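Novice: I have a structure I would like to understand better, so I am pasting it below and will then ask my questions one at a time.
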Ligand SMILES: [Zn+2]
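In full-length UniProt numbering, the protein residues as written are 1 to 496.
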C-alpha cells in the first residue's frame, strides 16, 4: 500500500482544513454550514448587545475576515448561503441579538458602499467572493506561464490566456464547478460586461496584441468598428507589430487586402488610419491594465468597489452629498457619533416620524417633538428647525464666532460650516462641533423621552462644550487647552 510506504494515513474527502471542509460540494449548503455557524456564534451573541453602531461596523468586517480567503477564491457561494450570511450581518449591524428583530434602517447595498461614497464600508460576502474569483481571470491574462496555467490551457484551450471577453465562450460539459464559476463572472453585472470594461490593453512593442480582435485603441476591438475592412484583411489573426512597416527612420501602417478596395472602402481605410494616428509604440512589452486601480494592477479591493457601484447604479449620490459623506468620517468625534450622523444624513434614525412611517409607533406614545408644542418630530425638525434647537445652534455659532443662517438641511449646514473655515485645523474644529451638536441633541431628546430628562437648550449647549472639549483633547492633534479656554475662545484652541 502506498500509504504504508509513505507512512501516512489514508484520508477521505471531504476533510476539514482550517475549519472548512475541503472536497465538499460547494453547491451544497451543508458544506458552508460550519462557516455560517461560526459567524452566527461570533456576531449574534448577547455579549455584543451593547456595542455601538461604530463598533459593530469594525467588528462585522473583522469577523468576515475569519472566513479563509482561499475558500472564497475557489468556490462560489450558493445564493442561499450568502443570503444567510447577509442576514446575520444585517441583524448584527442593526442590533438584533438572538432573534430580536430590529429595523434595517439603511439599505444593505448602501451600507456596503465605501465610506467616501456614502456607505459604511461593510463587506458584502458575495462581492468579496466574486472579486476573489475575478482575480483568476486577471492572473490568466498576465504574461508568463506556470504549471496551473498550462494545465488549464490544455484542458480548456489556449484562448483563455489572452482573451478578456469570455461571454461568447462555450463552457464545456466536463468543466469543473470552479471553472464554470470563473467563466460566468462576465455576467454578474446585468447591464454590461464589467470585466471587459475594466481591462484595457496597453500596447508597447505590439508583439502580443491582436490587431483586430483586442481592444487596444478606442473603446472596442477594431473588427467591431471596421467589420468590412476586417473581412477583407489577409491578416485576421496578426499582431499589431505585423501591421507596422518601417523604412529607415519612418514607419507607417501597412495592410494587405484580399482584393482592391472600392472607393467607399478606401474611405473606411482613411478613417482607420485616423484612429491609429495617435498610437505611440515603445520597446516595452504589451500588457494589460486594470482600469479601476490607479496602478493598473488588479486588486481585490478595487474589483469589490467596482462591483458595489455597478450592481447598485441607482444609488449613486449627488456630488455635493458625496463630498459630505466623504468628510464626515474625518473627524475626531468617536465612531459611534459619526455613525449616528451618517444615519441621520440619510434620515434613517428612529425619530417619531420615521417610526410611525414604519408602523412602529404605538398609539399610546406621544408623537410630538420634545422641544416644542404641536410639531411632529421629523429629523429635520428635531435637529434644525425646532425653536429650542435653533436656540442651541445659535448659541453654538455665537460661541465659535460664526455667522450662519439656519439652512434647509443638515447637509447644507455641514457644507456652510466646512466652507467657513479658514484652514484645516479650524475646519476640523467646526466639524467636530457639528457632530457633537447633533449627538447631544439626540442624547437629550432620548433622555427626555425615556428617562424623564429635561430638553433644555442651555443644558445641551453646556454638554456640547464639555464633550467636544474632551474629544478634541483625546483625538485632535493639538496641544491641550484648559476647559475654560475652550469655552472662552474655541477658535484659538483649534489653532494650537
Ligand atoms: Zn420641536
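For each residue, glycine too, the CB sits at the ideal point set by N, CA and C.
In this text the structure is predicted, and so the values were computed from the model without any measurement.
Excluding the 5 residues preceding and the 5 following residue 110 in the sequence, name in chain order all residues of the same chain whose CB lies nearer than 7 Å to its CB.
Specialist: Correct list, in chain order: 118, 119 and 315.
Novice: Report yes if the C-beta of residue 495 is less than 8 Å from at least one heavy atom of ligand 1; otherwise report no.
Specialist: no
Novice: Using only the alpha-carbon positions, how far apart do residue 71 and residue 166 sit?
Specialist: 24 Å
Novice: Note the first and the last residue of the continuous alpha helix (DSSP H) segment covering residue 216.
Specialist: Where residue 216 is concerned, there is no enclosing alpha helix (DSSP H), given that its DSSP letter is neither H nor E.
Novice: Got a sec? Which residues, its chain only, sit under 6 Å from residue 123 by beta carbon, not counting five neighbours each side?
Specialist: Excluding residues up to 5 positions away in sequence, 61 and 64 lie with their Cβ nearer than 6 Å to the Cβ of residue 123 in the same chain.
Novice: According to DSSP, residue 368 sits in a beta bridge with which residue or residues?
Specialist: 376
Novice: Note down the Cα distance separating residue 55 from residue 336, rounded to an integer number of angstroms.
Specialist: 7 Å
Novice: Could you say which of 93, 481, 480 and 425 lies nearest to residue 495 if we only look at CA atoms?
Specialist: 425
Novice: Cβ of residue 394 within 8 Å of any heavy atom in ligand 1?
Specialist: no
Novice: Using a strict less-than 5 Å threshold between each residue's beta carbon and the heavy atoms of ligand 1, what residues do you get?
Specialist: 369, 371, 372, 375 and 386
Novice: Please give the ranges of any alpha helix (DSSP H) in the segment 84-172, keeping only runs that are unbroken, at least 4 residues long and fully inside the region.
Specialist: 108-111, 125-141 and 147-156
Novice: Is the beta carbon of residue 142 closer than 9 Å to that of residue 153?
Specialist: Between residue 153 and residue 142, the gap from beta carbon to beta carbon reaches 9 Å or more.
Novice: Do you know offhand how far residue 377's Cα is from residue 84's?
Specialist: 35 Å
Novice: On the premise that residue 233 lies in contact with residue 255, defined as a C-beta separation below 8 Å, what is that separation, rounded to the nearest angstrom?
Specialist: 7 Å
Novice: Please report the distance separating the alpha-carbon of residue 236 from that of residue 223.
Specialist: 9 Å
Novice: Let's test the definition: count the other Cβ atoms within 10 Å of the Cβ of residue 283 and tell me whether it reaches 16, buried, or not, exposed.
Specialist: exposed
Novice: What is the DSSP secondary structure of residue 297, counted as helix, strand or coil?
Specialist: coil
Novice: Taking the continuous beta strand (DSSP E) assigned at residue 447, which residues delimit it?
Specialist: Taken as a continuous stretch (DSSP letters only), residue 447 belongs to no beta strand (DSSP E), being part of the alpha helix (DSSP H) at 424-450.
Novice: Beta-carbon separation of residue 82 and residue 126 under 9 Å?
Specialist: Residue 126 is positioned such that its CB atom lies closer than 9 Å to that of residue 82.
Novice: Quick one: is residue 480 buried, meaning 16 or more other Cβ sit within 10 Å of its Cβ, or exposed?
Specialist: exposed
Novice: Taking its Cβ as the centre, do 16 or more other Cβ atoms sit within 10 Å of residue 498, making it buried, or is it exposed?
Specialist: The requested residue 498 is not part of the displayed model; the chain covers only 1 to 496.
Novice: Can you give me the C-alpha to C-alpha distance between residue 265 and residue 258, rounded to a whole angstrom?
Specialist: 13 Å
Novice: Let me check one thing: in DSSP terms, what residues is residue 289 bridge-paired to?
Specialist: 200
Novice: Given 8 Å as the limit, is there contact between the segment 383-403 and the segment 455-470, that is, 3 or more CB pairs closer than that?
Specialist: Yes, they touch.
Novice: Would you kindly work out how many angstroms separate the C-alpha atoms of residue 30 and residue 371, rounded to a whole number?
Specialist: 54 Å
Novice: Got a sec, what are the start and stop residues for the alpha helix (DSSP H) residue 253 sits in?
Specialist: That residue, residue 253, is in no alpha helix (DSSP H); its beta strand (DSSP E) goes 250-253.
Novice: Helix, strand or coil for residue 455 per DSSP?
Specialist: coil
Novice: For residue 347, does the three-state DSSP call read helix, strand or coil?
Specialist: coil
Novice: How should residue 44 be labelled, buried or exposed, when 16 other C-beta atoms within 10 angstroms of its C-beta is the threshold for buried?
Specialist: It is buried - the Cβ of residue 44 has at least 16 other Cβ atoms within 10 Å.
Novice: I need the straight-line Cα distance from residue 136 to residue 76, nearest angstrom please.
Specialist: Spanning the alpha carbons of residue 136 and residue 76 requires a straight line of approximately 13 Å.
Novice: If the criterion is Cβ atoms closer than 9 Å, does the pair residue 242 and residue 211 meet it?
Specialist: Yes. Within cutoff.
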